[in-house]
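In the working numbering, the protein residues as written are 740 to 937.
Just so it is clear, CB atoms sit at the ideal spot from N, CA and C, and this is done for glycine as well.
Bear in mind that the values here come from a model prediction, so they are computed numbers and not experimental data.
Working notes for the structure below.
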Ligand code: SAH
Ligand code: MG
């Protein structure tokens, strides 16, 4: 087993080189603190990429167990390698599939959504069944590099405008969700922290 932090450093370099959109430093720090502060042990992640956020969440405390889903084969294989290097195979289960087609029976304390941004509502509605009664769903990239806050005409392409519209719809979905209370944080690329109402 290699020292975890050298694995993480190498992952950051790989992500930089290969343009893998891993979490921003503030965002992942928030997530790690959230896990340790709330003594979270079961995490589901949608969007593993190369396992960067997965491994850091697993290191938040030694009881954390993570299931993480990735549909891109190259990234999934890279994540498998990284998890092994970090010696975390026992606590991290990686699933290679489209999250929309994955059916899980387990219940989780935290669900972290960080996959295709246009599909956030689908992921949320599909996996809220897998959330413990006191659980939290955290979603990344609600700001999408600051574009969500921009005027429509300032967004350079039509595809991007369509994507930003979907992220805005997701924000409205969260704000009007009767079962969850959401706090929006200007941390990293914008996080939404949604807790089930009692
Ligand atoms: N959480 C990672 C970054 C994830 S990037 C980190 O911070 O380190 C988003 C990833 O989600 C991409 O690798 C993409 O392939 C994956 N993805 C997008 N849509 C998906 C889907 N429907 N099912 C599974 N993975 C998906
Ligand atoms: Mg992200």
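Cα-Cα separation, residue i to residue j
{"i": "residue 909", "j": "residue 828", "result": "33 Å"}
{"i": "residue 764", "j": "residue 927", "result": "7 Å"}
{"i": "residue 934", "j": "residue 861", "result": "17 Å"}
{"i": "residue 796", "j": "residue 879", "result": "14 Å"}
{"i": "residue 896", "j": "residue 883", "result": "14 Å"}
{"i": "residue 905", "j": "residue 755", "result": "27 Å"}
{"i": "residue 767", "j": "residue 777", "result": "15 Å"}
{"i": "residue 911", "j": "residue 929", "result": "15 Å"}
Delimiting residues of the alpha helix (DSSP H) encompassing residue i
{"i": "residue 756", "result": "743 to 757"}
{"i": "residue 860", "result": "859 to 866"}
Beta-carbon gap between residue i and residue j smaller than 7 Å
{"i": "residue 762", "j": "residue 789", "result": "no"}
{"i": "residue 818", "j": "residue 746", "result": "no"}
{"i": "residue 803", "j": "residue 780", "result": "yes"}
{"i": "residue 782", "j": "residue 808", "result": "no"}
{"i": "residue 857", "j": "residue 785", "result": "no"}
{"i": "residue 869", "j": "residue 886", "result": "no"}
Cβ distance (whole Å) where residue i is taken to contact residue j below 8 Å
{"i": "residue 770", "j": "residue 792", "result": "7 Å"}
{"i": "residue 918", "j": "residue 936", "result": "6 Å"}
{"i": "residue 743", "j": "residue 798", "result": "6 Å"}
{"i": "residue 810", "j": "residue 759", "result": "In fact, because the Cβ distance is near 14 Å, the residues do not count as touching under 8 Å."}
{"i": "residue 931", "j": "residue 921", "result": "5 Å"}
Endpoints, beta strand (DSSP E) assigned at residue i
{"i": "residue 832", "result": "831 to 835"}
{"i": "residue 922", "result": "919 to 924"}
{"i": "residue 912", "result": "Note, residue 912: premise wrong, no beta strand (DSSP E); alpha helix (DSSP H) at 897 to 914."}
{"i": "residue 765", "result": "Element bounds for residue 765: not the beta strand (DSSP E) but the alpha helix (DSSP H), 764 to 776."}
Next item on the list: Tell me, please, whether the stretch 865 to 882 touches the stretch 842 to 854 by the rule of three or more beta-carbon pairs shorter than 8 Å.
Entry: Counting C-beta pairs closer than 8 Å gives three or more between the stretch 865 to 882 and the stretch 842 to 854, which meets the contact rule.
Check: Is the stretch 824 to 840 touching the stretch 899 to 909 in the sense that three or more CB pairs, one from each, lie closer than 8 Å?
Finding: Under the three-pair Cβ rule at 8 Å, the stretch 899 to 909 does not count as touching the stretch 824 to 840.
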